[in-house]
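Heads up, the working numbering is the position in the sequence shown plus 17, with the first residue counted as 1.
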Amino acid sequence: SHKSSKREWKPLEEHSCTDVPWLLLFILFCIGMGFICGYSIATGAAARLLSGYDSYGNICGQKNVKVEGIVNSGLDLTHKKYVFFLDPCNIDLVHQKIKSLALCVSACPRKELKTLADIQKFAETNGSTLCSYELQPSEYTTDPRAAKLCPKYPVPESAPIPFFHRCAPVNISCYAKFAEALITFVSDSSVLHRLISGVMTSKEIIMGLCLLSLVLSMILMVIIRYISRVLVWILTILVILGSLGGTGVLWWLYAKQRISASALETQIAKDNLQALLIYAIAATVFTVILFLIMLIMRKRVALTIALFHVAGKVFIHLPLLVFQPFWTFFVLILFWTYWITVLLFLGTTGSPVPNEEGFVEFRMAGPLKYMWWYHVVGLIWISEFILACQQMTVAGAVVTYYFTREKRNLPFTPILASVNRLVCYHLGTVAKGSFIITLVKIPRMILMYIHTQLKGKENACARCMLKACICCLWCLEKCLTYLNQNAYTATAINSTNFCTSAKDAFVILVENALRVAAINTVGDFMLFLGKVLIVCSTGLAGIMLLNYQRDYTIWVLPLIIVCLFAFLVAHCFLSIYEMVVDVLFLCFAIDTKYNDGSPGREFYMDKVLMEFVENSRKSVKEAGRGGGAEGRELKPMVGADEE
């Protein structure tokens with residue numbers, strides 16, 4: 018036997034550090050991200066963002082330095098803490114900024130000012146001058162320049178935005194044009210108003226229903242192991258009925274059309290008849306293939322059900338796994354908040370340069386222009402890294418559970434033990450795996466951006482090519498994510514580096530290709546049914562609770578919010594379930610490959626999986642007597658160790 022090419026799998030025997038260079042690379046990258054943040058704060062972007070600045074480059078609420086070639090720059094604005102836009106509703110949708118002269122003022126106008134006299138009066142009583150710095154309040158009504166240098170009146174009632182010191186109109190109807198550009202379907206503002214008030218009045222119900230979806234998801238996690246067999250039968254019956262029904266209807270339509278067409282000898286009728294015949298034959302072929310697949314797969318479905326059952330047990334032994342998505346989500350939210358803050362800083366970084374209108378803009382010069390790109394890559398890589406850490410933690414915990422013969426000897430919290438192993442030994446592997454996904458994701462995002470830019474210019478061929486490329490990259494990304502997850506499991510078992518783990522896992526997956534297909538199709542569909550169940554239950558409860566409001570337009574938004582939330586929650590929980598099933602499958606495949614149940618090579622697996630193995634051995638023996646294909650198909654399970 019060629020042992021050299023096949024490494025033995027030694028579950029959890031020794032731990033060693035994996036992919037250290039990648040960890041160093043990742044740490045360097047994170048230091049670079051920190052440098053961007055530090056640079057933008059050091060160049061005064063943070064002060065500009067929080068305190069606000071006027072069109073002449075002065076930061077409000079402090080003394081400023083003179084900018085060459087700009088009038089009104091370098092003023093002392095210690096008492097003028099708020100930014101006021103002369104024409105706050107003039108929004109440039111293309112560049113997403115307000116096209117208006119901005120000034121620093123000491124107070125926002127708290128009531129509507131209709132004429133220049135009102136503005137003058139406001140300046141004299143409140144000491145807040147709303148016209149440009151050159152004009153004195155006494156000149157507002159007399160100076161001819163006032164038309165250009167004073168706000169567009171009526172000046173809307175405004176209030177400062179908390180923390181950001183900008184005066185914003187209280188009535189946001191003037192931003193309606195901006196909103197309409199985003200939401201084209203709500204042209205009638207009263208409908209929008211009613212929808213929002215509907216959400217506000219039923220906010221307790223919405224909160225309650227969101228809680229309900231959480232509880233339902235947790236219950237489903239516990240009971241899915243008992244109902245998995247039923248779900249599989251429901252799925253099978255639905256597929257059979259659906260395919261038979263569809264085919265039957267097509268043949269019936271064909272027969273009916275044929276009888277009526279014999280009366281009408283027109284070309285169109287003949288074409289219709291031929292099309293129907295083709296459809297019906299295609300549907301029949303599809304149904305036959307489907308039945309054959311189901312016959313071949315029926316043995317594999319038993320394994321899926323067994324794995325689901327064991328996954329249920331894993332959750333009973335490791336109940337904290339259920340909360341894994343919450344931690345991940347929390348860390349992601351923290352990171353995204355940081356990322357967006359730095360992005361806003363980058364928007365106001367740079368040195369002041371005069372633009373065409375004689376006002377100041379802040380632009381970055383030289384290579385610093387490309388900090389954006391670095392920042393975007395950081396968003397994708399670090400997000401993927403956080404998600405991969407979750408996969409590795411789950412894999413580590415499940416592997417510990419599977420390969421501990423006495424479940425009583427499990428560590429106190431296998432999840433913390435798994436996190437500990439990840440942080441001490443395997444961060445490099447996770448960094449490498451997430452980097453590979455990033456490499457596929459970035460080209461896909463660039464292509465998607467190009468695709469959206471080409472929307473107006475109807476070059477059908479180019480757009481079709483782009484769509485195909487995006488699709489291929491998406492498929493590649495999905496396959497890589499699946500392979501990565503199995504590689505992390507292999508790393509958790511053997512403490513090998515990423516490439517070795519991926520290769521070993523890939524070999525095992527290929528050897529069990531049919532089973533992988535069964536688990537991914539049947540298993541995913543069962544989990545999908547679970548999601549549908551949760552969304553439907555929550556939606557139904559929502560309809561019953563919202564029923565007291567007879568106005569149906571008000572219903573729509575709360576119900577959509579609740580159903581989306583329910584779907585997200587169900588997706589988070591059941592994706593963990595899917596992860597656990599995948600990890601268990603790889604452990605099971607390794608277990609059956611290297612152990613045969615004889616003394617000294619006992620199986621690690623659970624009773625439910627043992628029963629499955631026993632049953633498949635019986636069927637192998639029976640098929641062996643009859644010399645069937647089933648025998649050859651399941652042979653490797655028994656004779657894998659002699660290879």
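No residue lacks a Cβ here, since even glycine has one placed at the ideal position from N, Cα and C.
| query | What separation, rounded to the nearest whole angstrom, lies between the Cα atoms of Ser-204 and Val-249? | reply | Any reading at Ser-204 must be qualified, since the residue scores a pLDDT of 47, below 50, and its modelled position is unreliable; the value itself is stated next. Approximately 46 Å, taken between the alpha carbons.
| message | Taking the beta carbon of Gly-395 as the centre, do at least 16 other beta carbons fall within 10 Å, making it buried, or is it exposed? | response | Gly-395 should be labelled buried.
| So is Tyr-419 buried or exposed if we call it buried at 16+ other beta carbons inside 10 Å? | buried
| said: Please classify His-96 as buried or exposed, where buried requires at least 16 neighbouring CB atoms within 10 angstroms. | reply: exposed
| Proximity winner among Lys-624, Tyr-150 and Phe-101, relative to Arg-127 (alpha-carbon distances) | It is Phe-101 whose Cα lies nearest to the Cα of Arg-127.
| task | Starting from Ser-368, follow the beta strand (DSSP E) in both directions and report where the run begins and ends. | result | 368-371
| Segment contact, 8 Å Cβ cut-off, at least three pairs: the stretch 228-236 with the stretch 583-596 | yes
| query | Where in the stretch 125-186 do unbroken runs of the beta strand (DSSP E), each at least 3 residues long, occur, reported from the N-terminal end onward? | reply | 175-177 and 184-186
| query | What are the boundary residues of the beta strand (DSSP E) that includes Arg-425? | reply | No beta strand (DSSP E) holds Arg-425; DSSP gives it neither H nor E.
| task | Keeping to the same chain, check which residues put their C-beta closer than 6 Å to that of Leu-94; ignore five residues upstream and five downstream. | result | Asn-75, Cys-77 and Cys-121
| Given a threshold of 16 other Cβ atoms within 10 Å of its Cβ, counted over all protein chains shown, does Val-51 qualify as buried or as exposed? | Per the sequence shown, residue 51 should be read as Gly rather than Val. Gly-51 should be labelled exposed.
| message | Short of 7 Å in beta carbon distance, which residues of its chain neighbour Arg-642, apart from the five on each side in sequence? Order them along the chain. | response | none
| field | Contacting residues, own chain, Cβ-Cβ under 6 Å from Cys-34 (five flanking each side not counted) | value | Tyr-442
| message | Three Cβ pairs or more, each shorter than 8 Å: is that satisfied between the stretch 608-623 and the stretch 340-350? | response | Below 8 Å, too few C-beta pairs join the stretch 608-623 and the stretch 340-350 to call them touching: fewer than three.
| field | 9 Å Cβ cutoff met for Ala-163 and Leu-147 | value | In this structure, Leu-147 does not lie closer than 9 Å to Ala-163 by Cβ.
| Span of the beta strand (DSSP E) holding Glu-378? | Counting along the chain, Glu-378 sits inside the beta strand (DSSP E) bounded by residues 377-380.
| Integer Cβ distance of Ser-435 from Trp-398, believed to fall under 8 Å | Not quite, the Cβ-Cβ distance comes to about 23 Å (not below 8 Å), so this is no contact.
| Phe-668 - partner residues in DSSP beta bridges | With the chain represented from 18 up to 660, any question about residue 668 goes unanswered, as that position is not in the structure.
| task | Keeping to the same chain, check which residues put their C-beta closer than 8 Å to that of Arg-480; ignore five residues upstream and five downstream. | result | His-468 and Leu-471
| request: Determine the closest residue to Thr-410 out of Leu-40, Lys-424, Ala-319 and Ile-593, with distance taken between C-alpha atoms. | output: Ile-593
| message | Only counting the same chain, and skipping five residues up and downstream in sequence, which positions put a Cβ closer than 6 Å to that of Ala-646? | response | Because the pLDDT at Ala-646 is just 43, under 50, the model does not fix this residue reliably, and the point stays unresolved.
| When you compare each of Met-627, Ile-577, Leu-324 and Gly-559 to Asp-541 by their alpha carbons, which one comes out closest? | Leu-324
| query | When you compare only the Cα positions, how much space is there between Thr-417 and Glu-401? | reply | 24 Å
| request: Measure the alpha-carbon distance for Phe-605 versus Ile-310 and round it to whole angstroms. | output: 23 Å
| query | Does the separation of the CB atoms of Thr-366 and Ala-62 fall below 9 Å? | reply | Inclusion of Thr-366 and Ala-62 in the CB contact set at 9 Å is warranted, their separation being smaller than that value.
| Just to confirm, are Thr-683 and Met-596 a CB contact at a threshold of 9 Å? | The chain is shown from 18 up to 660; residue 683 falls before or after that span and cannot be answered.
| query | Counting Cβ pairs closer than 8 Å, one from the stretch 600-619 and one from the stretch 509-526, do we hit at least three? | reply | Yes, the stretch 600-619 touches the stretch 509-526.
| From this set, Pro-38, Ile-53, Val-539 and Leu-42, which residue's C-alpha is nearest Pro-384's C-alpha? | Ile-53
| said: Helix, strand or coil for Ile-87? Go by DSSP, reduced to three states. | reply: coil
| Can you tell me whether Met-238 is buried or exposed, with buried defined as 16 or more other CB within 10 angstroms of its CB? | Buried is the label assigned to Met-238, since at least 16 other Cβ atoms lie within 10 Å of its Cβ.
| query | From Leu-92 to Lys-386, what distance separates their C-alpha atoms? | reply | 29 Å
| request: For Asp-599, name the three-state secondary structure that DSSP assigns. | output: helix
| query | Given Lys-680, which residues of its chain have a CB within under 7 Å of its CB, disregarding the five upstream and five downstream residues? | reply | Lying before the first or after the last residue shown, residue 680 is absent from the chain, which here runs from 18 to 660.
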